[in-house]
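S.K.: Would you mind keeping the following structure in view while I ask a few things?
Residue numbers (the working numbering), protein chains in the order written: chain A, 16 to 347; chain B, 878 to 1188.
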């Protein structure tokens, strides 16, 4: 796809994030691989509990104290970040990789003005800038995320802003040091539908302007279809299918992906009930022995309960982890 | 801001009037009669009536209260029944002693609470240690802790004086030397209670998303702790600290007694032992005013810290 000599911007290999130890060890992320090319958007789809947020925290080096990266590599432009101490990650966090979160209402410290919080992000990676200069840059950032009259809003406190505005502030903060990679963890989930569209448009425009890559985490396939170039589908701590957006939306191989696509409300079909996938994602401390989707899978055979399938190619970079794939023919 | 202060004062002032009146009524009328205190219990009814008329104890409580307030405003708090000394002369010298004790105690307790419980390194060890110290500090009575400290540092090691109070004029070193053990004893208790409140709040604030966002900016752990978690976690503590200071201004009874410190607490104890109403009354008023004013100060600090309150 790209020149084999230049490494991709981000390459996650066989990443495992564990909590607890010994018999009580649980893996929130269990052997994940992920490649993000420069300037592209990689969508990560999964239900809650699939480990997608923990994956993003691991890339940021912000796994909670109770957990750890048990194995694997997180290469950013060739350098392995996995297991780097907090202090060394400080130079990378916010500067080369930035992140925005799901809840704009609680993402900002209620005690400080947004200008002060933006300034903190700028100063973290530019200690020589003067206070005047930093303030001007903060105002400029607010302007870039289309906040009206930024020279006034810069002195507002978070409680004086709406959710959509706060998410714009979060985006401004993430952009403050010109990151190569932006991790957006469900950035639109908590917002009204009309505001969601505005935020998605804004992110796309900013990506065009800056050429940054994005990891876009969501449980909403509609959002993924709108923004992603590549897509990985996660289930219970693993990637079950990955490929281009076209691969996933038009040629899905994994029964789980097909289930997710089937659960989407559609206007062109008149259904009394939306099709659903029965059951829930198994928690990481109670995983089935074989394929993790087997208990919920309509296509499961006894083989599926015996062993965990690995990712197999289905043309190009399209991979799926299912013994029964391609299941479309079986379904027919 | 000024508006806020005025609004608060309008609420606090009627409160002070009501509470001081209640205090006055309780101390002068219900705890026992001043006449029997001065004349003894076997005095004749005529003598009691005569004394009551002479001092105005037969007038309605409201009148007596207004009279007392009026006199207090001019610095006249009455005379001690026990020593016949003016109350102002007895209490006056004790005030700076107790205020200084309060100042050092709170300085030590607050700064130790905030620093020790916010440092991001060695969380598990520090956490277990402060939890242990907190339990000891809250459960062990002050007189026991004070006596233990005296027996270790003064008697066995001979590093510090056992008890007593020396004024600044005896030299700064001597003055501070006599302060170390009482301040340690008192602040152990406050450090313990402050820490319990602060640590619980700190753990909650730590889980907030804005803390994660701050980390994601690439700032140091220390900056995250002290600039983002601390200012939010301190909010519930501020009110508690205010009340504690107010109470302490009324005198640290046990500690002052153990260390023979001539502060308000010791004066209060001896006044109670002798049913010395004018002294008890004045002391009660001081404590009351201390608590009310410190609560007001705490509210002001909260409003300054939290922009959402000022509205």
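Using N, Cα and C, we set each Cβ at its ideal position, and we do this for glycine too.
1. What in chain A is Cβ-close to residue 1081 of chain B, meaning under 9 Å?
2. In the DSSP assignment, what are the bridge partners of residue 57 of chain A?
3. Does the CB of residue 992 of chain B have a neighbour CB from chain A at under 7 Å?
4. Relative to the C-alpha of residue 299 of chain A, which residue among A/328, A/252, A/236, A/293 is closest?
5. I'd like to know whether the C-beta of residue 1184 of chain B is nearer than 7 Å to at least one C-beta of chain A.
6. Tell me, which residues are paired with residue 328 of chain A by DSSP?
7. Are the C-beta of residue 182 of chain A and some C-beta of chain B separated by less than 7 Å?
8. Does the Cβ of residue 1084 of chain B have 16 or more other Cβ atoms within 10 Å, making it buried, or fewer, making it exposed?
9. Rounded to a whole number of angstroms, what is the C-alpha to C-alpha distance between residue 16 of chain A and residue 1110 of chain B?
10. Count the other C-beta atoms from every protein chain shown that fall within 10 angstroms of the C-beta of residue 906 of chain B, then say buried if there are 16 or more, exposed otherwise.
11. As an exercise, report each continuous alpha helix (DSSP H) stretch of at least 4 residues that is fully enclosed by the segment 973 to 1047 of chain B, in chain order.
12. Using DSSP's beta-bridge definition, name the partner residues of residue 1152 of chain B.
13. List the residues of chain B whose Cβ lies closer than 7 Å to the Cβ of residue 110 of chain A, in chain order.
14. Measuring only the C-alpha atoms, how far is residue 1188 of chain B from residue 957 of chain B?
15. Compute the distance between the beta-carbons of residue 1140 of chain B and residue 1066 of chain B, then report whether it is under 7 Å.
16. What separation, rounded to the nearest whole angstrom, lies between the Cα atoms of residue 211 of chain A and residue 1175 of chain B?
17. Determine the direct distance from the alpha carbon of residue 1081 of chain B to that of residue 55 of chain A, and round the result to whole angstroms.
18. For residue 1060 of chain B, tell me which candidate among B/986, B/1186, B/896 has the shortest Cα-Cα distance.
19. Suppose you measure from the CA of residue 131 of chain A to the CA of residue 1009 of chain B; what does that come to, to the nearest Å?
20. List the residues of chain A that residue 1085 of chain B touches, going by C-beta distances under 7 Å, in chain order.
21. Using 8 Å as the Cβ pair cut-off and three pairs as the minimum, do the segment 76 to 83 of chain A and the segment 152 to 164 of chain A touch?
22. Hey, is residue 964 of chain B's beta-carbon within less than 7 Å of any beta-carbon in chain A?
23. Give the C-beta separation of residue 338 of chain A and residue 58 of chain A to the nearest angstrom, bearing in mind that I take them to be a contact with Cβ-Cβ under 8 Å.
24. Identify each residue in the segment 1098 to 1123 of chain B for which the Cβ-Cβ distance to at least one residue of chain A is less than 7 Å, and report them in chain order.
25. Please name the residues in the segment 68 to 87 of chain A whose beta-carbon is closer than 7 Å to at least one beta-carbon of chain B, in chain order.
26. Run down chain B in chain order and give the residues with a C-beta less than 8 Å from the C-beta of residue 140 of chain A.
27. Drop a sphere of 10 angstroms on the beta-carbon of residue 352 of chain A, count the other beta-carbons inside from all chains shown, and report buried for 16 or more, exposed for fewer.
28. Would residue 1176 of chain B pass as an interface residue toward chain A - the criterion being a Cβ-Cβ separation below 7 Å?
29. Output the distance between the C-alpha atoms of residue 1072 of chain B and residue 1129 of chain B, rounded to the nearest integer angstrom.
30. Just verifying my parser: in three-state terms, what is the DSSP assignment at residue 954 of chain B?
31. Could you work out which residue in A/152, A/255, A/124 is closest to residue 49 of chain A when comparing CA atoms only?
32. Report the partner residues of residue 91 of chain A according to the DSSP bridge assignment.
33. Can you tell me whether residue 945 of chain B is buried or exposed, with buried defined as 16 or more other CB within 10 angstroms of its CB?
34. So, for residue 1131 of chain B: in the same chain, excluding its five sequence neighbours on each side, which residues have a beta-carbon less than 6 Å away from its beta-carbon?
35. Let's see if you can read the secondary structure: which residues bound the alpha helix (DSSP H) around residue 176 of chain A?
M.R.: Looking at the coordinates:
1. Listed along the chain, the chain A residues whose CB falls inside 9 Å of the CB of residue 1081 of chain B amount to none; the nearest CB is some 12 Å away.
2. BP columns for residue 57 of chain A point to A/230, A/245.
3. So, not an interface residue.
4. The residue with the shortest Cα to Cα distance from residue 299 of chain A is A/252.
5. Taking CB atoms only, residue 1184 of chain B has a neighbour in chain A less than 7 Å away.
6. Beta-bridge pairing links residue 328 of chain A to A/334.
7. Nearest CB-CB separation between residue 182 of chain A and chain B: not below the 7 Å threshold.
8. Around the beta carbon of residue 1084 of chain B, fewer than 16 other beta carbons sit within 10 angstroms, so the residue counts as exposed.
9. Any answer about residue 16 of chain A is weak, because its pLDDT of 49 lies below 50 and its placement is not dependable; what the coordinates show is given next. In this structure, the alpha-carbon of residue 16 of chain A lies about 51 Å from that of residue 1110 of chain B.
10. Answer is exposed; the Cβ neighbour count stays below 16.
11. Counting whole runs of 4 or more residues, the segment 973 to 1047 of chain B contains the alpha helix (DSSP H) stretches 1000 to 1016, 1019 to 1026.
12. As far as DSSP is concerned, residue 1152 of chain B takes part in no beta bridge.
13. 1095, listed in chain order.
14. Low confidence applies to residue 1188 of chain B: its pLDDT is 47, below 50, so where it sits in the model is not reliable enough to give any reading.
15. When the beta-carbon positions are compared, residue 1140 of chain B and residue 1066 of chain B stay at least 7 Å from each other.
16. One C-alpha to the other measures close to 42 Å.
17. Straight-line Cα distance between these residues: approximately 37 Å.
18. Comparing Cα-Cα distances from residue 1060 of chain B to each of B/986, B/1186, B/896, the minimum goes to B/986.
19. Whole-angstrom Cα-Cα distance: 38 Å.
20. Per Cβ cutoff of 7 Å: 121.
21. Here the segment 76 to 83 of chain A makes no contact with the segment 152 to 164 of chain A; the two share fewer than three CB pairs at distances below 8 Å.
22. Residue 964 of chain B is outside the set of residues whose beta carbon lies under 7 Å from a beta carbon in chain A.
23. That pair is no contact at about 25 Å.
24. The residues in question are 1098, 1105, 1108, 1109.
25. So the close ones are 75, 77.
26. What residue 140 of chain A touches in chain B: 1095.
27. The structure shown has nothing for residue 352 of chain A, since chain A only spans 16 to 347.
28. Contact with chain A is absent for residue 1176 of chain B, since none of that chain's Cβ atoms lies less than 7 Å from the residue's Cβ.
29. The alpha-carbon atoms of residue 1072 of chain B and residue 1129 of chain B are separated by roughly 20 Å.
30. Three-state result, residue 954 of chain B: coil.
31. For residue 49 of chain A, the nearest C-alpha among the options comes from A/255.
32. Beta-bridge pairing links residue 91 of chain A to A/25, A/94.
33. Buried, by the Cβ-count rule.
34. Correct list, in chain order: 1019, 1020.
35. Here residue 176 of chain A belongs to no alpha helix (DSSP H), and DSSP marks it neither H nor E.
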